[in-house]
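Chemist:
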Amino acid sequence: MLNVLVADDDDNIRGIIHHYLKKQTYNVVEAENGRDALDLAKNHQLDMIILDILMPEMDGYDVCREVRKVSDVPIIMLTASGDELDRVLGLELGADDYIIKPFSPRELVARIKAILRRVDTPSKESSKEQSYTYDYGEFKIDVNRREVIYKGENVSLRPKEFDLLLHMAKAPGNVYTRETLLEHVWGYDFLGDIRIVDAHVKKIRNKFKTMGCDVLRTVWGVGYKFEM
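Numbering (the working numbering), first residue to last: 1 to 228.
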């Protein structure tokens, strides 16, 4: 049975989500504020977190940021705002998807299932050439170990960050549109925002920037490419 944390200060919303997830035979735990949500996330084995942004004691952004320091558990953020900056910030902090209130509980369930399928299914990239290493001198990607090494140092990437970097690194110089990257890395059944690609590229760049390296280049009006 899958364990799902539902964190929202609105009793009605928590109750509705709880009801629909129970029908899917998920085990549901609840939190009505951000502090409790973070405690539950740290002390329970969770398969999914449904996280509201505006909560007392600690907002959803801070909870997401803290959870990402210790776990790659999938996170869907709930927001009452349709503002693009709010949504992109959640993605940049490590959320896997977001959904705007008011929402259909059936849509939320569909998104949960889509994310869990991607978590349970080996990525298209890692399922190929399992023992292969891409070697670009000081920059190496070990597919089997799912490791990225730059100048002898291991670069810590989340699963989707690794998959995204690997997909582009297999063909240096090739330009990929956001739509192509979304299809190959997230899959056909992804229901979220295409800007999740931009958010992941930014996170990858920030990690390499501290090492004086910029391997992902923007091709304005088209997309991105890997280049050493």
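Beta carbons are placed, not taken as given, at the ideal position from N, Cα and C, and that holds for glycine. This one's a predicted model, so the numbers in the text were calculated from it and none came from an experiment.
When you compare only the Cα positions, how much space is there between T218 and T177?
Modeler: Rounded to whole angstroms, T218 to T177 spans 10 Å at the Cα level.
Chemist: Compare the Cα-Cα distances from Y61 to each of D72, M77 and L46 and report the closest residue.
Modeler: It is M77.
Chemist: Here's the rule I'm using: 16 or more other beta-carbon atoms within 10 Å means buried, otherwise exposed. How should M211 be labelled?
Modeler: It is exposed - the Cβ of M211 has fewer than 16 other Cβ atoms within 10 Å.
Chemist: Would the region 21–36 and the region 80–91 be scored as touching if the rule is three or more Cβ pairs under 8 Å?
Modeler: Because the criterion of three Cβ pairs below 8 Å is not met, the region 21–36 and the region 80–91 do not touch.
Chemist: Where does the unbroken beta strand (DSSP E) through R217 begin, and where does it stop?
Modeler: Unbroken beta strand (DSSP E) run through R217: L216 to V219.
Chemist: Residues in the same chain with beta-carbon distance under 8 Å from I13, minus the five sequence neighbours each way, listed in chain order, please.
Modeler: Contacts found: D52, L78 and K101.
Chemist: If you follow the alpha helix (DSSP H) that E179 is part of, which residue opens it and which one closes it?
Modeler: Residues R178 to L181.
Chemist: Measuring only the C-alpha atoms, how far is L5 from V222?
Modeler: Distance between the alpha carbons of L5 and V222: 38 Å.
Chemist: Rank G137, D59, K69 and D96 by C-alpha distance to the C-alpha of I75 and give the top, closest one.
Modeler: Minimum Cα distance to I75 is reached at D96.
Chemist: Looking at the unbroken alpha helix (DSSP H) that takes in N12, where does it start and where does it end?
Modeler: Run containing N12: D11 to K23, per the alpha helix (DSSP H) assignment.
Chemist: Could you tell me the distance, in whole angstroms, from the CA atom of Y150 to the CA atom of D135?
Modeler: Computed Cα separation, rounded: 10 Å.
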